[in-house]
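Report on one structure; see the data block that follows.
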Amino acid sequence: MRAEVDRLSSIRFIREVDYPTWLANVVMVRKPRKGWRMCVDYTNLNRACPKDSFLLPRIDQLVDATAGHALLSFMDAYSGYNQIFMHPEDQAHTSFITDRGFYCYKVMPFGLKNAGATYQHLVNHLFAPVIGITMEVYVDDMLVKSRTASPTSLPCSPS
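Residue numbers (the UniProt record's numbering): 1 to 159.
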């Protein structure tokens, strides 16, 4: 856990907190191959938060949208949630306890009830001009599609 806290702190994803109003426990989960993953249990915070009603796309519709395309390029956004900054006033709500003190996230962590909806809403806004035409998006998984098999025919920029 210490190594992960040091890593998250060094890349400025987390910061120390003196007097948190919300506090979550860290749970260490064994990774399928080897090593451990640090997870923060936001169960109590999630119970207190209203659900964001923003709908995620239906998988069957996304699959249907690929029909007739000769070239499909799949992408997974690296640490997608962590690319969204938390509002400064909300950072302390993501506080968690370690043996070295209290920390909170400066970026959106995994485990928050509305993280998926927040991320989907953002990517829908960013890629609105091309979604449904040359691109499909499901949270942090993206697909650029082309009716021809030429890699140069993969337009994913809204411009």
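Where is the CB? At the ideal position from N, CA and C, for every residue including glycine. This one's a predicted model, so the numbers in the text were calculated from it and none came from an experiment.
For this session: Give me the Cβ distance between Tyr105 and Thr94, rounded to the nearest whole Å; I'm assuming they're in contact under 8 angstroms.
Result: 4 angstroms
Exercise. Phe102 bridges to which residues according to DSSP?
Worked result: Val17, Ile97
Exercise. Taking buried to mean at least 16 other C-beta atoms within 10 Å of its own C-beta, is Ile14 buried or exposed?
Worked result: buried
For this session: Could you tell me if Val123 is buried or exposed, where buried requires 16 or more neighbouring beta carbons within 10 angstroms of its beta carbon?
Result: Using a 10 angstroms sphere on the CB of Val123, the tally of other CB atoms reaches 16 or more, which defines it as buried.
For this session: Could you check which residue in Trp36, Lys145, Ala149 has the C-alpha nearest to that of Ser73?
Result: Lys145
Exercise. Using a Cβ-Cβ cut-off of 6 angstroms (strictly less than) and excluding sequence neighbours within five positions of Asp41, which residues of its own chain qualify?
Worked result: Ala24, Asn25, Val27
Problem set entry | For Tyr138: DSSP bridge partner residues | Bridge partners of Tyr138: Asp141.
Exercise. Using 8 angstroms as the threshold, is the region 130-143 in touch with the region 49-63, meaning 3 or more CB pairs across them?
Worked result: yes
For this session: With DSSP as the reference, label Val63 as helix, strand or coil.
Result: helix
For this session: For Asp41, write down the residues that DSSP places opposite it in a beta bridge.
Result: As DSSP reads the structure, Asp41 sits in a beta bridge with Asn25.
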